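In the working numbering, the protein residues as written are 951 to 1436.
Just so it is clear, CB atoms sit at the ideal spot from N, CA and C, and this is done for glycine as well.
Predicted model, so just to flag it, every value in this text is computed and none were measured.
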């Protein structure tokens, strides 16, 4: 992944700051609870939801086992339909390809469909370094861009903002990026949507180049699929003359028939809808073949690796590549609800980010090594995942890797050695328990450990010590029974 978020603090430090932001927590709590309640109702409508979920998992697993085959099949189909396929090994490679294509078109600006892959590689920043301006057109992404912010949710990137904050951002920043906000703009959702619509329309009508991602890539036909709710994506995909799609290699699915499964799983898990308001599909240049018909005259597909091949090699961790970016796991996660998306230091926040980001970027930084611990392992994320990713299993797997690759603290080794000796000597253990019980009035609320150990004790109270150890209580109870005492 790119360095866009690198340099941010490790998750515990970032979360400590974000959990103190009362407005952020209120915004997140309201939004996530609303979304997950609606999702539960939408899923309950289908009697065969469990079967659909199993089918989605099986399709993804089958694809990942033969990913090389399906990628080559997709390349052949896209090329036959008039598109051009580019292979990008990492973020720098993908950014260079896109920048070169924009320059070849003679343009210095692009409009963008919401795309997590382009956030992952830091495309906007890379294009800016080449003198190219990228305009976000998804409403939530527009809010994030105008506010000089970072996305904090997979589905609703501006979930951490309320209507009043969005109104202030529009008033202050819209004029610097194009058409200014109307005079007297209020925080009414209808007025905010209209201000965004007017601001974006001039960009849609002017732009010659668009950049998109894709929710799915159908190997047998070379068809790219984007699902969205606003129609801004449809404008990006049809009006510009050149369309560049940056797509992770894990987005491929084998057949058109497989798509039917995911077009039921995704909308209900993400927006809690029976189907998406806009489902756009394009196959190369289409019937016009770039003549005077509808659609772009030049279509490019950038297939992005950027750590996915390495993830695929991990038999436990590869299930993260099943992800269809629905965000259901975020909306049920108690850690995400309290910490917010920015604490994860990645375009992929929440439970899926805690397992995907460390695999794409590696566990080499303090931030990435901390992400597998950003979870209570409650399992709620697994229960709602539409493709049955066992996120707790992967979290534990990555924690093992983080420990194996990380430094071994001398204090930790000494504590484990002392505990081992104590547990091996019952008499000494019993004496220690009695001493702890007799001095319980002197115990601090938190264990005052120094250094790295403080990260564990700072957020955890010591358990209250009983008046007597269990051993003594049981021994007294056994004596009473022998004496006939009830």
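message: Considering only their Cβ atoms, is the gap separating residue 1055 from residue 1192 smaller than 8 Å?
response: By 1-based counting over the chain shown, the position of residue 1192 is 242. By 1-based counting over the chain shown, the position of residue 1055 is 105. Contact: yes.
For this session: Measure the alpha-carbon distance for residue 1274 versus residue 1420 and round it to whole angstroms.
Result: Taking the first residue of the chain shown as position 1, residue 1274 is located at position 324. Taking the first residue of the chain shown as position 1, residue 1420 is located at position 470. When the Cα atoms are used, residue 1274 and residue 1420 turn out to be separated by approximately 50 Å.
- Query: Are the beta-carbon atoms belonging to residue 1047 and residue 1038 less than 8 Å from one another?
  - Reply: Within the chain shown, numbered from 1, the residue matching residue 1047 stands at position 97. Within the chain shown, numbered from 1, the residue matching residue 1038 stands at position 88. Against a cut-off of 8 Å, the Cβ pair of residue 1038 and residue 1047 comes out as a contact.
Measure the C-alpha to C-alpha separation of residue 1198 and residue 1297 and round it to an integer number of angstroms.
-> Numbered from 1 along the chain shown, position 248 holds the residue referred to as residue 1198. Numbered from 1 along the chain shown, position 347 holds the residue referred to as residue 1297. Their Cα atoms are separated by approximately 14 Å.
Measuring only the C-alpha atoms, how far is residue 1057 from residue 1196? Here residue 1057 is taken as the residue at index 107 of the chain shown, counted from 1. Here residue 1196 is taken as the residue at index 246 of the chain shown, counted from 1. Looking at the backbone, the Cα of residue 1057 and that of residue 1196 are separated by about 18 Å.
Worksheet item: Just reading off the beta strand (DSSP E) that residue 1248 is part of, what are its end residues?
Response: If you number the chain shown from 1, residue 1248 lands on position 298. Its beta strand (DSSP E) spans residues 1248-1254.
So, residue 1006 versus residue 1174, is the Cβ gap smaller than 8 Å?
For the purposes of this step, residue 1006 is identified with residue 56 of the chain shown, where counting begins at 1. For the purposes of this step, residue 1174 is identified with residue 224 of the chain shown, where counting begins at 1. No. Outside cutoff.
#### Entry: Per-residue burial, residue 1232 [other beta carbons within 10 Å of its own, 16 or more giving buried]
As a working mapping, residue 1232 is identified with position 282 in the chain shown. Flag for residue 1232 reads buried.
If you drop the 5 nearest sequence neighbours on each side, which residues of the same chain put their C-beta closer than 6 Å to that of residue 1084? To locate residue 1084, count along the chain shown from 1; it is residue 134. Within the same chain, residue 1084 has close Cβ partners 1060, 1062, 1074, 1077.
Which of the three DSSP states is assigned to residue 1114 in this structure? By 1-based counting over the chain shown, the position of residue 1114 is 164. Helix, per DSSP.
* Can you give the Cα-Cα distance for residue 1293 and residue 1159, rounded to whole angstroms? -> Translated into the one-based positions of the chain shown, residue 1293 becomes position 343. Translated into the one-based positions of the chain shown, residue 1159 becomes position 209. Looking at the two C-alpha atoms, the distance is approximately 33 Å.
### Query
Which ranges would you report for the alpha helix (DSSP H) in the region 970-1052 if only whole runs of at least 4 residues count?
972-994, 999-1015, 1017-1030
Please state if the CB of residue 1249 and the CB of residue 1234 are separated by a distance shorter than 8 Å. The sequence position of residue 1234 within the chain shown is 284, counting from 1. The sequence position of residue 1249 within the chain shown is 299, counting from 1. Against a cut-off of 8 Å, the Cβ pair of residue 1249 and residue 1234 comes out as a contact.
task: Look at residue 1120 and residue 1100 and say whether their C-beta atoms are less than 8 Å apart.
output: One-based indexing of the chain shown puts residue 1120 at position 170. One-based indexing of the chain shown puts residue 1100 at position 150. For residue 1120 and residue 1100, no; Cβs fall outside 8 Å.
Pick out whichever of 959, 968, 1031, 971 has its Cα sitting closest to the Cα of residue 1251. Walking along the chain shown from the start, residue 1251 turns up at place 301. Among 959, 968, 1031, 971, the Cα nearest to that of residue 1251 belongs to 1031.
Which class does residue 1195 belong to by DSSP, given the choice of helix, strand or coil?
Here residue 1195 refers to the residue found at position 245 of the chain shown. Residue 1195 falls in the strand class under three-state DSSP.
Beta carbon of residue 1186, beta carbon of residue 1068: below 8 Å? Within the chain shown, the letter at position 236 stands for residue 1186. Within the chain shown, the letter at position 118 stands for residue 1068. In this structure, residue 1068 does not lie closer than 8 Å to residue 1186 by Cβ.
- Task: At 3 residues or longer, and completely inside the region 1119-1184: list those beta strand (DSSP E) runs for me, N to C.
- Result: 1159-1162, 1166-1168, 1173-1178
Quick check on the burial criterion: 16 or more other C-beta atoms within 10 angstroms. Buried or exposed for residue 1139? Looking up residue 1139 in the chain shown gives position 189. Exposed, because fewer than 16 other Cβ atoms sit within 10 Å of the Cβ of residue 1139.
For this session: Measure how close the beta-carbons of residue 1342 and residue 1327 come, nearest whole angstrom, since I'm counting them as under 8 Å.
Result: Along the chain shown, one-based indexing puts residue 1342 at 392. Along the chain shown, one-based indexing puts residue 1327 at 377. The C-beta distance from residue 1342 to residue 1327 rounds to 5 Å, short enough to fall under 8 Å.
Taking all protein chains shown into account, decide if residue 1314 is buried (16 or more other Cβ within 10 angstroms of its Cβ) or exposed.
As a working note, residue 1314 is residue 364 in the chain shown. By the neighbour-count rule (16 or more Cβ atoms within 10 Å), residue 1314 is not buried but exposed.
- prompt: Within this structure, are the beta carbons of residue 1284 and residue 1304 separated by less than 8 Å?
  reply: On the chain shown, residue 1284 is found 334 positions in, with the first residue counted as 1. On the chain shown, residue 1304 is found 354 positions in, with the first residue counted as 1. The answer is no: Cβ separation not under 8 Å.
Just to confirm the assignment, what range does the alpha helix (DSSP H) spanning residue 1062 have?
Here the question's residue 1062 lines up with position 112 in the chain shown. Where residue 1062 is concerned, there is no enclosing alpha helix (DSSP H), although the beta strand (DSSP E) it sits in stretches over 1059-1062.
In chain order, what residues of the same chain have a beta carbon less than 8 Å from the beta carbon of residue 1379, not counting five sequence neighbours either side? The residue you call residue 1379 lines up with position 429 of the chain shown. The residues are 1372, 1373.
- Query: With a Cβ-Cβ cutoff of 8 Å, do residue 1301 and residue 1317 count as a contact?
  - Reply: Here the question's residue 1301 lines up with position 351 in the chain shown. Here the question's residue 1317 lines up with position 367 in the chain shown. Result no, Cβ atoms of residue 1301 and residue 1317 do not sit closer than 8 Å.
Let me make sure I understand the geometry here. Which of 1230, 1385, 1394, 995 has the alpha-carbon closest to that of residue 1181? Reading the chain shown from its first residue, position 231 is the one you call residue 1181. Comparing Cα-Cα distances from residue 1181 to each of 1230, 1385, 1394, 995, the minimum goes to 1230.
Please report the distance separating the alpha-carbon of residue 1168 from that of residue 1050. Numbered from 1 along the chain shown, position 218 holds the residue referred to as residue 1168. Numbered from 1 along the chain shown, position 100 holds the residue referred to as residue 1050. Going by the C-alpha atoms only, they are around 26 Å apart.
| query | By Cβ distance below 7 Å, which residues in the same chain neighbour residue 1136 in space, the five residues on each side in sequence not counted? | reply | The residue you call residue 1136 lines up with position 186 of the chain shown. So the list reads 1117, once near-sequence residues are dropped.
Which residue's Cα is closest to the Cα of residue 1053: 1035, 1122, 1194, 1295? The residue given as residue 1053 occupies position 103 in the chain shown. That would be 1194, whose Cα lies nearest to the Cα of residue 1053.
Q.
Along the chain, where does the alpha helix (DSSP H) containing residue 1068 start, and where does it finish?
A. What you label residue 1068 is simply residue 118 of the chain shown in a count that begins at 1. Per DSSP, the continuous alpha helix (DSSP H) segment holding residue 1068 begins and ends at 1066-1071.
Counterpart residues of residue 1228 in DSSP-defined beta bridges: Here residue 1228 refers to the residue found at position 278 when the chain shown is read from its first residue. Per DSSP, 1178.
| task | Answer with buried or exposed for residue 1385, where buried requires no fewer than 16 other C-beta atoms within 10 angstroms of its C-beta. | result | Position 435 of the chain shown holds residue 1385. Exposed, by the Cβ-count rule.
| What does DSSP give as the partner residues of residue 1233 in its beta bridges? | Within the chain shown, numbered from 1, the residue matching residue 1233 stands at position 283. In DSSP, residue 1233 forms a bridge with 1173.
| CB-CB under 8 Å to residue 1152, same chain, minus the five flanking residues each way: which ones, in chain order? | Here residue 1152 is taken as the residue at index 202 of the chain shown, counted from 1. 1128, 1129.
- Starting from residue 1083, follow the beta strand (DSSP E) in both directions and report where the run begins and ends. Translated into positions along the chain shown, residue 1083 becomes position 133. Segment 1083-1086, the beta strand (DSSP E) holding residue 1083.
Note to self: Please classify residue 1369 as buried or exposed, where buried requires at least 16 other C-beta atoms within 10 Å of its C-beta.
What the structure shows: Along the chain shown, read from residue 1 onward, the residue named residue 1369 stands at position 419. Residue 1369 comes out exposed.
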